[in-house]
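First up is the structure itself, then whatever we jot down about it.
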Amino acid sequence: MRVSVSRIKIVIFCNEKLGLKTGNKVKQQVDIPNWIKGNLEFEKACMRGLMDTDGCVFHECHNIKGKKYCYPRLSFVTASIPLRNSVVGILQKLHLNPKIRGTNQRYVQIEEKEKIKEYFKLIGSSNPKHLNKLNF
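Residues in the sequence shown are numbered consecutively from 1, following full-length UniProt numbering.
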């Protein structure tokens, strides 16, 4: 998702008051703004927005001795290490047992069906694609 703002006063407000940086987010290694951290309701709302835009729900499937096993996964990806660590911290605070995955450690996943259910109970989603992929 790309957001473009052409009014300099709005850009200055977002930068100075909300802590949203301008420019390349990966190069700057962005993080969740400090005014969000420490307020559980703000953290949950932030998590919902991040997962709705940069997260996905999928089923990881394996064939073992001719039998197919599929497990739901909730995954968030970011190239920003501070953002990844903040997401992990929020999910740990909510006892959702997140895992850091991938060869480049960019993925944060919830891998247990009950924990994924708990995520959607606590945080929810405004992305119908996520909800439609779950069969529980």
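Beta carbons are placed, not taken as given, at the ideal position from N, Cα and C, and that holds for glycine.
Fewer than three pairs of CB atoms, one per stretch, sit closer than 8 Å, so the stretch 37-48 makes no contact with the stretch 13-24. Remark: fewer than three beta-carbon pairs, one from each stretch, lie closer than 8 Å, so the stretch 60-73 and the stretch 84-96 are not flagged as touching.
One Cα belongs to P128, the other to V77, and the distance between them is close to 19 Å.
Taking the Cα of E118 as reference, the smallest distance to any Cα among L94, A79, N132 is reached at L94. Under the DSSP assignment, N127 falls outside any beta strand (DSSP E); it carries neither an H nor an E label. No Cβ-Cβ contact shorter than 8 Å links L83 with G55. Of all alpha-carbon atoms in E112, I8, G102, the one lying nearest the alpha-carbon of L96 is that of E112.
By a beta-carbon distance limit of 8 Å, S126 does not contact D31. Their separation comes to about 23 Å.
Note that the C-beta distance between K99 and Q109 is below 8 Å. With contacts defined by Cβ atoms closer than 8 Å, F58 and K133 form a contacting pair. In the DSSP assignment, N104 falls outside any alpha helix (DSSP H), carrying neither H nor E.
DSSP, reduced to helix, strand and coil, places E111 outside both helices and strands of the structure shown, so it counts as coil.
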